[in-house]
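**Student:** Quick one: structure below, then a few questions.
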Amino acid sequence: MGARCSKLSLCWWPSHLKSNLNYSSDLENGELLPGGFREYSLEQLRAATSGFNSDNIVSEHGEKAPNVVYRGKLQEDNCWIAVKRFNKSAWPDSRQFLEEARAVGQLRNERLANLIGCCCEGEERLLVAEFMPNETLSKHLFHWENQPMKWAMRLRVALYLAQALEYCSSKGRALYHDFNAYRILFDQDGNPRLSCFGLMKNSRDGKSYSTNLAFTPPEYLRTGRVTPESVVYSFGTLLLDLLSGKHIPPSHALDLIRGKNFLMLIDSCLEGHFSNDDGTELVRLASRCLQYEARERPNAKSLVTALTPLLKDTQVCHLFLCQAMHSCMSHFVGISIVLLFQLKFSSCKLKWCICLIYYIISATGI
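Using UniProt numbering, the letters of the sequence shown correspond one by one to residues 1 to 366.
Written out as structure tokens, the structure reads:
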């Protein structure tokens with residue numbers, strides 16, 4: 001029952017994806033920003049976000065968050081952006097903020113939602129990143145509407161994020177603050193990317209983790225410091241999210257794994273859509289990431305090595321394309337039936353075309 005995209009893909013996009021597709025279309029039609037890092041004026045970013053209008057807030061806690069993320073559009077570049085506006089007391093030292101932002105802004109990788117600029121005027125501190133139009137992993141994994149995320153897509157998310165961490169480590173930016181499902185964004189093609197915002201703290205002296213303490217690396221609770229091994233621990237909690245489709249405290253998950261009840265971890269929606277060997281391997285990798293002793297956890301390169309052979313279906317359908325095909329299938333059937341009854345005998349060829357299209361879609365297993 002798991003859908004795959006054939007080389008011949010027919011698609012009618014449903015209305016619930018319309019807003020995302022508008023951004024996607026604009027992104028494709030507009031000019032993507034070049035690789036260079038820029039400093040923007042506050043006026044430019046104010047105009048891009050319609051005066052930091054609350055309707056443009058895309059961060060998970062809305063206006064209540066101390067640091068708010070807005071979507072915006074730079075008219076001069078015809079490009080959509082994400083703008084993170086920090087609390088005014090977050091970075092009192094403008095020089096330190098600029099140094100950090102410029103360092104992160106040097107990173108460029110297809111697995112990241114890259115940082116393309118910043119703004120530092122008066123007490124205002126803002127970051128500017130590539131805009132990802134298709135929501136967060138949290139939305140599509142925990143709050144899905146039409147169908148759960150497919151096993152192959154979950155593996156793709158895990159591998160792509162491991163590759164993102166490996167790239168950042170290779171560039172001397174191994175620390176990532178508050179790694180969680182809200183930090184994983186989907187681009188216009190439906191591919192997962194890691195938000196660059198987590199490569200900087202929320203403030204000069206701020207906490208690195210804002211999530212529930214049950215999901216926080218044990219060494220962080222002891223020292224208050226994030227290390228590369230802490231990031232791998234958080235990656236392990238994300239693997240649990242992907243396996244289960246929900247938040248499971250690592251301690252509970254490890255108890256199940258030690259008791260060899262690890263299949264209880266796996267999302268019931270995935271039953272019959274993965275091999276036990278693959279499921280076991282992913283659970284084993286999560287367990288290694290969640291080791292209490294930081295030195296016993298794998299590094300980012302090892303994560304990529306372990307995950308690469310698991311992604312056997314390299315032709316896995318992009319998340320939103322598959323969702324669109326599934327959700328619109330019933331609409332297509334209804335329209336086809338109406339047309340078949342309303343068309344006159346002289347429209348024989350058109351009837352055959354409709355029947356052929358229906359057959360092709362049915363044959364793909366959608």
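From the three backbone atoms N, C-alpha and C, an ideal C-beta is built for every residue, glycine too.
Taking the alpha carbon of Glu-135 as the point to measure from, which residue in Gly-190, Phe-52 and Ser-170 has its own alpha carbon closest?
**Tutor:** Considering only alpha carbons, the answer is Gly-190.
**Student:** Taking just the CA atoms, how far does Glu-99 sit from Met-200?
**Tutor:** Cα to Cα, Met-200 sits roughly 11 Å from Glu-99.
**Student:** What's the call for Ser-188, buried or exposed, on a 16-neighbour Cβ count within 10 Å?
**Tutor:** At residue 188 the sequence reads Gln, which differs from the Ser that was named. Flag for Gln-188 reads buried.
**Student:** Count the other C-beta atoms from every protein chain shown that fall within 10 angstroms of the C-beta of Met-153, then say buried if there are 16 or more, exposed otherwise.
**Tutor:** So Met-153 counts as buried.
**Student:** In the segment 120-154, which residue ranges form an unbroken alpha helix (DSSP H) of at least 4 residues, counting only runs that do not cross its ends?
**Tutor:** Entirely contained in the segment 120-154, the alpha helix (DSSP H) runs reaching 4 residues are, in chain order, 137-142.
**Student:** Could you tell me the boundaries of the alpha helix (DSSP H) in which Leu-256 lies?
**Tutor:** Start and end: 250-258.
**Student:** Would you kindly check if the distance between the Cβ of Phe-197 and the Cβ of Gly-105 is under 9 Å?
**Tutor:** No.
**Student:** With a threshold of 16 other CB atoms inside 10 Å of the CB of Leu-243, please say whether the residue is buried or exposed.
**Tutor:** By the neighbour-count rule (16 or more Cβ atoms within 10 Å), Leu-243 is buried.
**Student:** Please classify Ser-230 as buried or exposed, where buried requires at least 16 neighbouring CB atoms within 10 angstroms.
**Tutor:** Result: buried.
**Student:** What does the alpha-carbon distance come out to for the pair Gln-75 and Ser-302?
**Tutor:** For Gln-75 and Ser-302, the distance between alpha carbons rounds to 43 Å.
**Student:** Kindly indicate the opening and closing residues of the beta strand (DSSP E) around Phe-186.
**Tutor:** It spans 184-186 - the beta strand (DSSP E) in which Phe-186 sits, taken as one unbroken run.
**Student:** If Arg-71 sits next to Val-58, beta carbons under 8 Å apart, how far is it from one beta carbon to the other, in whole angstroms?
**Tutor:** Their Cβ separation, rounded to whole angstroms, is 5 Å, which keeps Arg-71 and Val-58 in contact under 8 Å.
**Student:** Comparing C-alpha positions only, which one of Leu-239, Glu-63, Ala-162 and Val-83 sits nearest to Leu-290?
**Tutor:** Leu-290 has its Cα closest to that of Leu-239, out of Leu-239, Glu-63, Ala-162 and Val-83.
**Student:** For Ser-50, collect the residues of the same chain with a Cβ closer than 7 Å to its Cβ; drop the 5 residues on either side in sequence, then sort them by chain order.
**Tutor:** Contacts found: Asn-56.
**Student:** I'd like the list of long-range same chain contacts for Ala-286, defined as Cβ closer than 6 Å, with 5 residues on each side in sequence excluded.
**Tutor:** Closer than 6 Å at Cβ, skipping near neighbours: Gly-236, Leu-239 and Leu-240.
**Student:** Would you kindly report the start and end of the unbroken alpha helix (DSSP H) that includes Val-104?
**Tutor:** Its alpha helix (DSSP H) spans residues 94-105.
**Student:** Under the rule that 16 or more other beta-carbon atoms within 10 Å means buried, what is Leu-263, buried or exposed?
**Tutor:** It counts as exposed.
**Student:** For Trp-144, is the classification buried or exposed, using 16 other Cβ atoms within 10 angstroms of its Cβ as the cut-off for buried?
**Tutor:** Answer is exposed; the Cβ neighbour count stays below 16.
**Student:** Quick one: give me the first and last residue of the beta strand (DSSP E) that Pro-192 is part of.
**Tutor:** Run containing Pro-192: 192-195, per the beta strand (DSSP E) assignment.
**Student:** Give the single residue among Pro-298, Arg-297, Ala-294 and Asp-277 whose Cα lies nearest to the Cα of Lys-312.
**Tutor:** Out of Pro-298, Arg-297, Ala-294 and Asp-277, Asp-277 has the C-alpha closest to the C-alpha of Lys-312.
**Student:** Pick helix, strand or coil for Tyr-167, following the three-state DSSP scheme.
**Tutor:** Three-state DSSP puts Tyr-167 in a helix.
**Student:** Using only alpha-carbon positions, find the residue among Cys-168, Pro-218 and Arg-85 that is nearest to Val-304.
**Tutor:** Comparing Cα-Cα distances from Val-304 to each of Cys-168, Pro-218 and Arg-85, the minimum goes to Cys-168.
**Student:** On the CB-based measure, 16 or more other CB atoms within 10 Å of its CB, does Arg-193 come out buried or exposed?
**Tutor:** When all chains shown are included, Arg-193 counts as buried.
**Student:** Are there 16 or more other CB atoms within 10 angstroms of the CB of Leu-221, so buried, or fewer, so exposed?
**Tutor:** Leu-221 should be labelled exposed.
**Student:** For Leu-118 and Phe-131, what's the separation of their Cα atoms in angstroms?
**Tutor:** For the sequence presented, residue 118 should be read as Cys rather than Leu. Computed Cα separation, rounded: 14 Å.
**Student:** Let me check understanding here. Comparing Cα to Cα, which of Pro-309, Cys-120 and Arg-108 lies closest to residue 368?
**Tutor:** Because the chain is modelled from 1 through 366, residue 368 falls outside the range shown and cannot be assessed.
**Student:** Express the C-alpha separation of Phe-186 and Leu-126 in angstroms, rounding to a whole number.
**Tutor:** Taking the straight line joining both Cα atoms gives about 22 Å.
**Student:** For a test of the three-state rule: what should DSSP assign to Leu-45, helix, strand or coil?
**Tutor:** It is helical.
**Student:** Could you round the C-beta distance between Arg-258 and Gln-96 to whole angstroms and report it? I think they count as a contact, below 8 Å.
**Tutor:** So it is not a contact: roughly 44 Å between Cβ atoms.
**Student:** Roughly how many whole angstroms lie between the Cα atoms of Arg-108 and Ala-82?
**Tutor:** The straight-line gap from Cα to Cα measures roughly 16 Å.
**Student:** Rounded to the nearest angstrom, what separates Leu-270 and Arg-102 at their Cα positions?
**Tutor:** One C-alpha to the other measures close to 42 Å.
**Student:** Looking at the structure shown, is Arg-295 part of a helix, part of a strand, or coil, going by DSSP?
**Tutor:** The answer is helix: DSSP assigns Arg-295 an H, G or I state.
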